[in-house]
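Since the structure comes first, as structure tokens, the remarks are kept for the end.
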Amino acid sequence: MIKKAVIATGVFAVSAMAAATMTFAQTATPTTNTTTTVTPTVDAMQKTTPVGAPATGRAY
Amino acid sequence: MKKGLLTIVIIIGIVVGVGIGSKISNSAPNDKQVLSTKSTPTATATIVPEMVQPGIPQTVEIPKLSVKTAIESVGNDAEGRMDVPRERKNTSWYNLGFRPGENGNAVIAGHYDNVDSSPSVFYDLGTLQVGDHIIVTDDKGKAQTFAVTKTTKYPDAAFPIDQVFGAASDPMLNLITCHGNWDEQTKNYSERLVVYSQLVTN
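In order, the protein sequence lines correspond to chains E and P.
Here the first sequence is numbered in this note's numbering, starting from 1 and rising by one per residue.
Here the second sequence is numbered in this note's numbering, starting from 61 and rising by one per residue.
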């Protein structure tokens with residue numbers, strides 16, 4: 001009598017665990033996107049202009 | 061009697077166990093949705109494109125003119141004008157402005173003739189036409205090709221500095237040489253020839 005009751009309880013437990021395990025396996029692991037920032041390497045050097053065109057006439 | 065009761069207990073155990081398991085399985089999608097919703101990142105990924113500054117220009121080649129010269133890096137002369145190359149066979153790049161390949165007007169100058177009136181490196185610059193290629197190679201070994209967009213002459217006294225040397229939204233390269241009439245007193249030509257070009261391959 002007791003032995004059969006234990007078997008019944010075991011069947012119950014196994015059924016519940018199997019269902020729970022299936023649910024866990026079907027659940028995908030969430031992924032999180034990370035923010036990617038690349039620092040520009042162009043320097044911020046101030047550009048300047050000359051006051052006149054180059055004297056590209058006769059080369060000495 | 062006891063055997064019948066035991067059978068009923070076993071059946072109830074199986075039915076209840078399967079029932080609970082089934083309920084957990086059915087509730088899985090909701091749990092999953094909740095999990096997914098909570099795991100969705102709230103921050104938007106921001107990718108800033110890397111901007112790499114072009115190298116220092118070393119040589120300029122103009123296939124149509126059979127010209128290939130070294131480039132000297134120069135700033136201003138004593139009068140504040142763009143300086144000229146020390147070697148008559150070379151050209152000069154204005155290093156206080158833009159580099160060839162970066163957004164803006166980069167400038168390379170070359171002599172028109174020599175003191176004995178023989179042709180210098182940019183003597184035939186005025187024969188370039190729209191679409192002709194100019195190839196600049198930098199100190200990293202990278203070659204960039206520019207295509208001529210227009211050729212214009214300006215009086216030296218009314219040279220458009222900002223237009224030739226200033227900022228631009230695209231990578232431009234402007235070549236300068238002298239033109240016009242030679243003034244022996246001032247040792248200067250009356251005009252400047254500017255060949256405008258734009259980057260076509262990088």
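No residue lacks a Cβ here, since even glycine has one placed at the ideal position from N, Cα and C.
How would you label residue i, buried or exposed, when you count the other beta carbons within 10 angstroms and need 16 or more for buried?
i: residue 138 of chain P; result: exposed
i: residue 152 of chain P; result: buried
i: residue 59 of chain E; result: buried
i: residue 243 of chain P; result: exposed
i: residue 187 of chain P; result: exposed
i: residue 112 of chain P; result: exposed
So, helix, strand or coil for residue i, using DSSP?
i: residue 224 of chain P; result: helix
i: residue 210 of chain P; result: strand
Roughly how many angstroms separate the alpha carbons of residue i and residue j, rounded to a whole number?
i: residue 48 of chain E; j: residue 141 of chain P; result: 12 Å
i: residue 224 of chain P; j: residue 235 of chain P; result: 9 Å
i: residue 134 of chain P; j: residue 171 of chain P; result: 14 Å
i: residue 56 of chain E; j: residue 127 of chain P; result: 17 Å
i: residue 52 of chain E; j: residue 136 of chain P; result: 9 Å
i: residue 50 of chain E; j: residue 159 of chain P; result: 15 Å
i: residue 182 of chain P; j: residue 241 of chain P; result: 16 Å
i: residue 174 of chain P; j: residue 245 of chain P; result: 17 Å
i: residue 123 of chain P; j: residue 218 of chain P; result: 31 Å
Would the beta-carbon of residue i fall within 7 Å of that of residue j?
i: residue 193 of chain P; j: residue 205 of chain P; result: yes
i: residue 118 of chain P; j: residue 198 of chain P; result: yes
i: residue 226 of chain P; j: residue 155 of chain P; result: no
i: residue 121 of chain P; j: residue 168 of chain P; result: no
i: residue 253 of chain P; j: residue 185 of chain P; result: yes
i: residue 148 of chain P; j: residue 180 of chain P; result: yes
i: residue 213 of chain P; j: residue 162 of chain P; result: no
I'd like the span of the beta strand (DSSP E) that includes residue i, first residue to last.
i: residue 261 of chain P; result: 248-261
i: residue 286 of chain P; result: Chain P is shown from 61 up to 262; residue 286 of chain P falls before or after that span and cannot be answered.
How about residue i: is its Cβ closer than 6 Å to a heavy atom in the ligand SAM?
i: residue 237 of chain P; result: Absence of the ligand SAM is noted for the structure shown, with no ligands found whatsoever.
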